[in-house]
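S.K.: Okay, here's the structure, questions in a sec.
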Amino acid sequence: MIRNSASDMASKLAAGEITSVELTQAHLDRISDVDKEVHAFLHVDTQGALAQAAAVDAKRKNGEKLAPLAGVPLALKDVMAQKGIPTTCGSKILEGWRPPYDSTVVTNLKNNGIIILGKTNMDEFAMGSSTENSAYGPTHNPWDLTRIPGGSGGGSSAALAAFEAPLAIGTDTGGSIRQPAAVTGTVGVKPTYGGVSRFGLVAFSSSLDQAGPCARTVLDAALLHEAIAGHDPKDSTSINAPVPAVVHAARAGNVKGMKIGVVKELSGDGYQPGVRKRFEESLELLAAAGAEIVEVSAPNFEYALAAYYLIAPSECSSNLARFDAMRYGLRVGDVDGASAESVMNLTREVGFGREVKRRIILGTYALSSGYYDAYYGSAQKVRTLITQDFNKAFEIADVLVSPTCPTTAFKIGEKANDPLAMYLNDIATIPVNMAGIGGMSLPAGLADEDGLPVGFQIMSPVMKDERMYSVGSALEAALLSKWGAPLLSKIPALAGSK
Amino acid sequence: MTSLSRDDVAKLAGLARIEMSEEELVALSSEFTVILDAVARVQGVASADVAATSHPLPLRNVFRPDVVVPSLSPADALSGAPAQEEQRFRVPQILGEE
Numbered sequence: 001m002i003r004n005s006a007s008d009m010a011s012k013l014a015a016g017e018i019t020s021v022e023l024t025q026a027h028l029d030r031i032s033d034v035d036k037e038v039h040a041f042l043h044v045d046t047q048g049a050l051a052q053a054a055a056v057d058a059k060r061k062n063g064e065k066l067a068p069l070a071g072v073p074l075a076l077k078d079v080m081a082q083k084g085i086p087t088t089c090g091s092k093i094l095e096g097w098r099p100p101y102d103s104t105v106v107t108n109l110k111n112n113g114i115i116i117l118g119k120t121n122m123d124e125f126a127m128g129s130s131t132e133n134s135a136y137g138p139t140h141n142p143w144d145l146t147r148i149p150g151g152s153g154g155g156s157s158a159a160l161a162a163f164e165a166p167l168a169i170g171t172d173t174g175g176s177i178r179q180p181a182a183v184t185g186t187v188g189v190k191p192t193y194g195g196v197s198r199f200g201l202v203a204f205s206s207s208l209d210q211a212g213p214c215a216r217t218v219l220d221a222a223l224l225h226e227a228i229a230g231h232d233p234k235d236s237t238s239i240n241a242p243v244p245a246v247v248h249a250a251r252a253g254n255v256k257g258m259k260i261g262v263v264k265e266l267s268g269d270g271y272q273p274g275v276r277k278r279f280e281e282s283l284e285l286l287a288a289a290g291a292e293i294v295e296v297s298a299p300n301f302e303y304a305l306a307a308y309y310l311i312a313p314s315e316c317s318s319n320l321a322r323f324d325a326m327r328y329g330l331r332v333g334d335v336d337g338a339s340a341e342s343v344m345n346l347t348r349e350v351g352f353g354r355e356v357k358r359r360i361i362l363g364t365y366a367l368s369s370g371y372y373d374a375y376y377g378s379a380q381k382v383r384t385l386i387t388q389d390f391n392k393a394f395e396i397a398d399v400l401v402s403p404t405c406p407t408t409a410f411k412i413g414e415k416a417n418d419p420l421a422m423y424l425n426d427i428a429t430i431p432v433n434m435a436g437i438g439g440m441s442l443p444a445g446l447a448d449e450d451g452l453p454v455g456f457q458i459m460s461p462v463m464k465d466e467r468m469y470s471v472g473s474a475l476e477a478a479l480l481s482k483w484g485a486p487l488l489s490k491i492p493a494l495a496g497s498k
Numbered sequence: 499m500t501s502l503s504r505d506d507v508a509k510l511a512g513l514a515r516i517e518m519s520e521e522e523l524v525a526l527s528s529e530f531t532v533i534l535d536a537v538a539r540v541q542g543v544a545s546a547d548v549a550a551t552s553h554p555l556p557l558r559n560v561f562r563p564d565v566v567v568p569s570l571s572p573a574d575a576l577s578g579a580p581a582q583e584e585q586r587f588r589v590p591q592i593l594g595e596e
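Protein chains in written order, with the numbering used here: chain A, 1 to 498; chain B, 499 to 596.
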């Protein structure tokens, strides 16, 4: 039952074949069985989840009209505020904090009757590509427990691949939904910036952060996308327009006549041979399904990584100033006569991990007087050039594609002491955030050399998110008929405690 | 090549209100030489006439109607406070004695 897609689970719930309490309990059992190995969850809300499930079951029994995913369980990235439930962002500075309010994403999930199982592990404040920066220890990739599950949303992607949840929420600032999806053989979507409310999403880089759906199939991601998206007056950057028809596009999966642009700069050197091979095969399948493959060039993408590592730290140095030990979270050194400044200094020393400090200092430098124009200002101009590259490419192609990541999952610890090598993971995902457009990663198969999942990235213009679902769904169907079974059917079994 | 000395990092850490050990200051200073070298690639890419993008959406002040809606109760607002007194956040001393 736990290996089904969310939409199959929803059908069985609607047909009365199972109850939400049974389905939720099955997932809670799976979590208690395998999460010692995977460590996808930071907090499991057993009672809350079962209570939500019982409430949905009661409504269904009364014949009330329910949302499509009502009664289906979900794992929530620990960056989202959920009332009364510990929300740490993977940081010691928020240990024990229980938000007094729900984020809009959580409100939408609850209104859709989606069951929140618990909170998933992440790199501290979403800064990282491996989940190794969590203050609570790394998450392990269910394909190979010695490897990283991606990051920052490695807990969400690992929970899906380990069948601990059929749906999850992620957030994507530079690839934190798509890269974890790629390395775990799951689906992850970063909607258009402003498509999903950021209210109650603990901010890392406000002009780049975007919440989105994670799932095991493109249709499941679309169903979750529609459940969480839409205008929110509580987020002034939320787009006041109808949600793109992503479910319709995912169900149709039609790419006939679509022009698919391969980004020349996001391939070649630095991309693992097995990644390139699966990518090329996927292009052939899309061509066979009726799409026209064209090449596009985005010459300024080569500066995206450098610009990102100025813009994101600059915004984070400002956003994370709110962790000042005054109103919530950790407070250290509050002895008689200690000044507020010394309490802040000591609290932030103890509360923040190495990477968070590194980025706050880098951002403080990039924004400081005398260096602002050379660093932050130059990066903002590069951002304009990247957006212009996208605009030109979208004049030629309906969507753009690339491998999601240059490599498959690397070993835990392999890049932990080399920040630059770690940053290179995000080279193909970052341009999407810079321009605020949509991006999806879906599994394209396993690399020949290591047998690990490869991700295929699809990028769509602002508020044309349905296009990436059309292409993703068509490719998924073609790959499924080639493989005969979903990629995750090949995942090695976890030992479990039974 | 741009580099940041141990003292430069100490000054930035002070501005960012983060206490740092000697070991951390030295380590960060050497890491920043590499990182700043990498990010400095953005310099000189765009000509002077390219506008800066601070945000992906073409938004200017977004307003909503000024309507009173329920907000957090004092108990909820204080629920995560490290210390509180008389229904207020209790904070360490901000001003000196004089």
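All residues carry an ideal CB built from backbone N, CA and C; glycine is no exception.
Measure the alpha-carbon distance for Thr19 (chain A) versus Asp57 (chain A) and round it to whole angstroms.
M.R.: As a position in the first sequence, residue 19 (chain A) is number 19, starting the count at 1. As a position in the first sequence, residue 57 (chain A) is number 57, starting the count at 1. Cα to Cα, Thr19 (chain A) sits roughly 6 Å from Asp57 (chain A).
S.K.: In three-state terms, what does DSSP make of Met80 (chain A)?
M.R.: Position 80 of the first sequence, counted from the start, is the residue given in the question as residue 80 (chain A). Looking at Met80 (chain A) - three-state DSSP - the assignment turns out to be strand.
S.K.: At a cut-off of 7 Å, would you count Val243 (chain A) as near the ligand FMN, judging by its Cβ distance to the nearest heavy atom?
M.R.: In the structure shown, the ligand FMN is absent, as is every other ligand, since no ligand is present at all.
S.K.: Give me the residue from A:Leu286, A:Gln380, A:Thr429 with the minimum Cα distance to Lys482 (chain A).
M.R.: Indexing the first sequence from 1 puts residue 482 (chain A) at position 482. That would be A:Leu286, whose Cα lies nearest to the Cα of Lys482 (chain A).
S.K.: On the DSSP bridge assignment, give the partners of Arg147 (chain A) in chain order.
M.R.: Looking up residue 147 (chain A) in the first sequence gives position 147. Its beta-bridge partners are A:Lys411.
S.K.: Could you give the first and the last residue of the continuous alpha helix (DSSP H) run that contains Phe41 (chain A)?
M.R.: Position 41 of the first sequence, counted from the first residue, corresponds to residue 41 (chain A). From DSSP, Phe41 (chain A) is part of no alpha helix (DSSP H) but of the beta strand (DSSP E) over 41–44.
S.K.: For Val343 (chain A), which residues in chain B fall below 7 Å Cβ to Cβ?
M.R.: Residue mapping note: residue 343 (chain A) aligns to position 343 of the first sequence, counting from 1. Ordered by position in chain B, the residues that pass the 7 Å Cβ test against Val343 (chain A) are Pro590.
S.K.: Starting from Pro453 (chain A), trace the beta strand (DSSP E) in both directions and tell me its first and last residue.
M.R.: Position 453 of the first sequence, counted from the first residue, corresponds to residue 453 (chain A). It spans 453–460 - the beta strand (DSSP E) in which Pro453 (chain A) sits, taken as one unbroken run.
S.K.: Can you give the beta carbon distance from Asp426 (chain A) to Ser129 (chain A), rounded, assuming they're within the 8 Å contact cut?
M.R.: Here residue 426 (chain A) refers to the residue found at position 426 of the first sequence. Here residue 129 (chain A) refers to the residue found at position 129 of the first sequence. That pair is a contact at about 6 Å.
S.K.: Just the Cα atoms here: how many angstroms apart are Arg278 (chain A) and Ala428 (chain A)?
M.R.: As a working mapping, residue 278 (chain A) is identified with position 278 in the first sequence. As a working mapping, residue 428 (chain A) is identified with position 428 in the first sequence. In a straight line, the C-alpha of Arg278 (chain A) is about 16 Å away from that of Ala428 (chain A).
S.K.: Taking 8 Å as the CB-CB limit, is Leu362 (chain A) close to chain B?
M.R.: The residue given as residue 362 (chain A) occupies position 362 in the first sequence. Interface residue, yes.
S.K.: Given a limit of 7 Å on CB to CB distance, which residues of the stretch 547–568 of chain B reach chain A?
M.R.: Those would be Val548, Ala549, Ala550, Thr551, Ser552, His553, Pro554, Leu555, Leu557, Val560, Arg562, in chain order.
S.K.: Quick check on this structure: which residue in B:Pro556, B:Leu513, B:Ala508, B:Asp505 has the alpha carbon closest to the alpha carbon of Ala321 (chain A)?
M.R.: For this step, residue 321 (chain A) is matched to residue 321 along the first sequence. Closest option to Ala321 (chain A), Cα to Cα, is B:Leu513.
S.K.: Quick check on the burial criterion: 16 or more other C-beta atoms within 10 angstroms. Buried or exposed for Gln210 (chain A)?
M.R.: In the first sequence, the residue the question calls residue 210 (chain A) occupies position 210. Buried: at least 16 other Cβ atoms inside 10 Å.
S.K.: Applying the criterion that 16 or more other CB atoms from any shown protein chain within 10 Å of the CB defines a buried residue, is Lys77 (chain A) buried or exposed?
M.R.: Along the first sequence, one-based indexing puts residue 77 (chain A) at 77. Under this definition Lys77 (chain A) is a buried residue.
S.K.: Which value, in whole angstroms, describes the spacing of the CA atoms of Pro492 (chain A) and Val255 (chain A)?
M.R.: Taking the first residue of the first sequence as 1, we reach residue 492 (chain A) at position 492. Taking the first residue of the first sequence as 1, we reach residue 255 (chain A) at position 255. Their backbone Cα atoms lie some 33 Å apart in a straight line.
S.K.: Under 8 Å, do Arg443 (chain A) and Leu223 (chain A) count as touching if we go by C-beta distance?
M.R.: In the first sequence, the residue the question calls residue 443 (chain A) occupies position 443. In the first sequence, the residue the question calls residue 223 (chain A) occupies position 223. In the sequence on display, residue 443 (chain A) carries Pro and not Arg. Contact flag unset, no.
S.K.: Short of 6 Å in beta carbon distance, which residues of its chain neighbour Phe301 (chain A), apart from the five on each side in sequence? Order them along the chain.
M.R.: Residue numbering aside, residue 301 (chain A) sits at position 301 when the first sequence is read from its first letter. Excluding sequence neighbours, Phe301 (chain A) sits near Glu265, Pro431.
S.K.: Out of A:Tyr136, A:Ala241, A:Gly118, point me to the one whose CA is closest to Glu124 (chain A)'s CA.
M.R.: Stepping through the first sequence from its first residue, residue 124 (chain A) is reached at position 124. Checked all of A:Tyr136, A:Ala241, A:Gly118; the closest Cα to Glu124 (chain A) is A:Tyr136.
S.K.: Hey, which unbroken runs of the alpha helix (DSSP H) at 4 residues or more fall wholly within the stretch 344–391 of chain A?
M.R.: 354–366, all fully within the stretch 344–391 of chain A.
S.K.: Reducing DSSP to helix, strand and coil, say where Gln210 (chain A) ends up.
M.R.: Position 210 of the first sequence holds residue 210 (chain A). DSSP places Gln210 (chain A) in coil when its eight states are reduced to three.
S.K.: Ser11 (chain A) to Ala249 (chain A), Cα distance in whole Å?
M.R.: Mapped onto the first sequence, residue 11 (chain A) falls at position 11. Mapped onto the first sequence, residue 249 (chain A) falls at position 249. Their backbone Cα atoms lie some 19 Å apart in a straight line.
S.K.: Could you tell me the boundaries of the beta strand (DSSP E) in which Pro403 (chain A) lies?
M.R.: Indexing the first sequence from 1 puts residue 403 (chain A) at position 403. From DSSP, the beta strand (DSSP E) with Pro403 (chain A) extends over 399–403.
S.K.: Compare the beta carbon distance of Lys92 (chain A) and Leu330 (chain A) with 8 Å and say whether it is the shorter of the two.
M.R.: Here residue 92 (chain A) corresponds to residue number 92 of the first sequence, with the count starting at 1. Here residue 330 (chain A) corresponds to residue number 330 of the first sequence, with the count starting at 1. Yes.
S.K.: What number of angstroms, rounded off, separates the C-alpha of Ser460 (chain A) from the C-alpha of Pro403 (chain A)?
M.R.: The residue given as residue 460 (chain A) occupies position 460 in the first sequence. The residue given as residue 403 (chain A) occupies position 403 in the first sequence. Going from the Cα of Ser460 (chain A) to the Cα of Pro403 (chain A) covers about 15 Å.
S.K.: Would you mind reading off the limits of the alpha helix (DSSP H) that contains Leu36 (chain A)?
M.R.: Residue 36 (chain A) sits at position 36 when you count from the first residue of the first sequence. According to the sequence as given, residue 36 (chain A) is Lys; it is not Leu. Unbroken alpha helix (DSSP H) run through Lys36 (chain A): 20–38.
S.K.: Measuring alpha carbon to alpha carbon, tell me which of A:Lys36, A:Pro486, A:Pro138, A:Val263 ends up nearest Ser5 (chain A).
M.R.: Position 5 of the first sequence, counting from 1, holds the residue named residue 5 (chain A). Nearest C-alpha to Ser5 (chain A): A:Pro486.
S.K.: Just grab the DSSP bridge partners of Pro492 (chain A) for me.
M.R.: Working through the first sequence from its first residue, we reach residue 492 (chain A) at position 492. Its beta-bridge partners do not exist; DSSP assigns none.
S.K.: Please list, in chain order, the residues of the stretch 427–441 of chain A that have any C-beta partner in chain B closer than 9 Å.
M.R.: Against chain B - using a Cβ distance shorter than 9 Å - the residues of the stretch 427–441 of chain A are Asn433, Met434, Ala435, Gly436, Ile437.
S.K.: I want to know whether the stretch 191–199 of chain A touches the stretch 230–240 of chain A - three or more CB-CB distances under 8 Å.
M.R.: With a cut-off of 8 Å, the stretch 230–240 of chain A and the stretch 191–199 of chain A count as touching, because enough Cβ pairs lie within range.
S.K.: Nearest to Phe456 (chain A) by CA position, among A:Leu479, A:Lys464, A:Glu449, A:Leu28, is which residue?
M.R.: Translated into the one-based positions of the first sequence, residue 456 (chain A) becomes position 456. That would be A:Leu479, whose Cα lies nearest to the Cα of Phe456 (chain A).
S.K.: I'd like to know whether the C-beta atoms of Val105 (chain A) and Ala53 (chain A) end up nearer to each other than 8 Å.
M.R.: As a position in the first sequence, residue 105 (chain A) is number 105, starting the count at 1. As a position in the first sequence, residue 53 (chain A) is number 53, starting the count at 1. Their beta carbons are not under 8 Å apart, which means Val105 (chain A) does not touch Ala53 (chain A) by this criterion.
S.K.: Beta-carbon separation of Arg515 (chain B) and Arg251 (chain A) under 8 Å?
M.R.: The residue given as residue 515 (chain B) occupies position 17 in the second sequence. The residue given as residue 251 (chain A) occupies position 251 in the first sequence. Cβ distance not < 8 Å, so Arg515 (chain B) and Arg251 (chain A) don't count as in contact.
S.K.: In whole angstroms, what is the alpha-carbon distance linking Gln25 (chain A) and Val38 (chain A)?
M.R.: Residue numbering aside, residue 25 (chain A) sits at position 25 when the first sequence is read from its first letter. Residue numbering aside, residue 38 (chain A) sits at position 38 when the first sequence is read from its first letter. When rounded, the distance between both Cα atoms is 19 Å.
S.K.: Whole angstroms is fine: what's the gap from Val462 (chain A)'s alpha carbon to Ala397 (chain A)'s?
M.R.: For the purposes of this step, residue 462 (chain A) is taken as the residue at position 462 of the first sequence. For the purposes of this step, residue 397 (chain A) is taken as the residue at position 397 of the first sequence. In a straight line, the C-alpha of Val462 (chain A) is about 14 Å away from that of Ala397 (chain A).
S.K.: With a Cβ-Cβ cutoff of 8 Å, do Ala161 (chain A) and Pro142 (chain A) count as a contact?
M.R.: For this step, residue 161 (chain A) is matched to residue 161 along the first sequence. For this step, residue 142 (chain A) is matched to residue 142 along the first sequence. Yes, they are a contact pair.
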